[in-house]
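A.B. asks: Have a look at this one before I ask anything.
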Amino acid sequence: HALCIGSDTNNDTSSDSNDTTYSWYFPDIILVFQAQNPETRDETSLRLISRVSPNQTLDQNAEICCLHANILDFYLLNVLQSSDSFHPAMPRLKTDLRRISQDLSHNGCNVTHYQDHQNAVEFREKLITMQGQRGITKAIGEINILFTYLGDFCVQN
Numbered sequence: 001h002a003l004c005i006g007s008d009t010n011n012d013t014s015s016d017s018n019d020t021t022y023s024w025y026f027p028d029i030i031l032v033f034q035a036q037n038p039e040t041r042d043e044t045s046l047r048l049i050s051r052v053s054p055n056q057t058l059d060q061n062a063e064i065c066c067l068h069a070n071i072l073d074f075y076l077l078n079v080l081q082s083s084d085s086f087h088p089a090m091p092r093l094k095t096d097l098r099r100i101s102q103d104l105s106h107n108g109c110n111v112t113h114y115q116d117h118q119n120a121v122e123f124r125e126k127l128i129t130m131q132g133q134r135g136i137t138k139a140i141g142e143i144n145i146l147f148t149y150l151g152d153f154c155v156q157n
């Protein structure tokens with residue numbers, strides 16, 4: 001079965017068809033991302049969120065969706081707890097992300113089921129190796145990646 005955090009059928013994206021980050025859906029993601037220190041944001045030596053192949057079956061989409069919902073919950077409970085001073089848009093972004101998490105839960109995503117999934121474990125381990133504020137800053141810089149995956153695998157078109 002397909003999970004759904006919303007539908008993009010009411011939003012016209014034809015003017016920017018190359019934008020796959022769904023930034024039109026929550027512009028605060030872009031504001032927070034742009035406010036980051038470019039050196040930390042663009043650090044390529046380590047990517048916290050693993051890459052996902054876009055060619056998946058519907059069942060695989062649901063699994064990938066719930067896996068990233070688990071990572072989203074980790075963000076909400078750990079990464080974003082004390083980040084309100086990072087950017088003025090951060091409280092609003094956290095509210096939006098909480099709503100997405102609740103929508104996913106109400107639509108069948110049991111995030112605790114994915115707590116021990118290899119990708120979720122790797123994400124947490126990579127974050128720990130970055131130590132402190134550097135890891136938090138890197139994680140905030142990858143909110144756009146997380147949101148792209150949530151859009152790609154959870155939004156029903």
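So in full-length UniProt numbering, spot 75 of the sequence shown is number 75, and the numbers just go up one at a time. In this text, a Cβ means the ideal position worked out from N, Cα and C, and glycines have one as well.
1) Taking 8 Å as the threshold (C-beta atoms), are N70 and Y114 in contact?
2) On the premise that N119 lies in contact with L80, defined as a C-beta separation below 8 Å, what is that separation, rounded to the nearest angstrom?
3) Per DSSP, what kind of secondary structure is V89 in: helix, strand or coil?
4) Can the beta-carbon of R98 be found less than 8 Å from the beta-carbon of L127?
5) How would you write the range of the alpha helix (DSSP H) that C154 sits in, first residue to last?
6) Beta-carbon within less than 6 Å of F153's beta-carbon, same chain only, minus the 5 sequence neighbours each way: which residues are those?
7) Let me know if S101 comes out buried or exposed under the rule of 16 or more other beta-carbons within 10 Å of its beta-carbon.
8) Let me know the secondary structure DSSP gives H117 once reduced to three states.
9) How many angstroms separate the CA atom of K138 from the CA atom of D59?
10) Using the Cα positions of N144 and M130, report the straight-line distance between them to the nearest angstrom.
11) Grab me the residues of G135's own chain with a C-beta within less than 6 Å of its C-beta, minus the 5 sequence neighbours each way, in chain order.
12) Round the Cβ separation of L150 and L72 to the nearest angstrom and send it over; I've been treating them as touching at under 8 Å.
13) Using the beta-carbon count (16 or more within 10 Å), is E142 buried or exposed?
C.D. replies: Let's see:
1) yes
2) Actually they are not in contact, since the Cβ atoms of L80 and N119 sit about 20 Å apart, beyond 8 Å.
3) At residue 89 the sequence reads Ala, which differs from the Val that was named. Coil, per DSSP.
4) Going by C-beta atoms, R98 is not nearer than 8 Å to L127.
5) I143 to C154
6) In chain order, N61, I64 and C65 place their CB closer than 6 Å to the CB of F153, counting only its own chain and leaving out the 5 sequence neighbours on each side.
7) buried
8) Here H117 carries a coil assignment [DSSP, helix/strand/coil].
9) 30 Å
10) 19 Å
11) L127
12) 7 Å
13) Residue environment: E142 is assigned as buried (16 or more neighbouring CB atoms within 10 Å of its CB, all protein chains considered).
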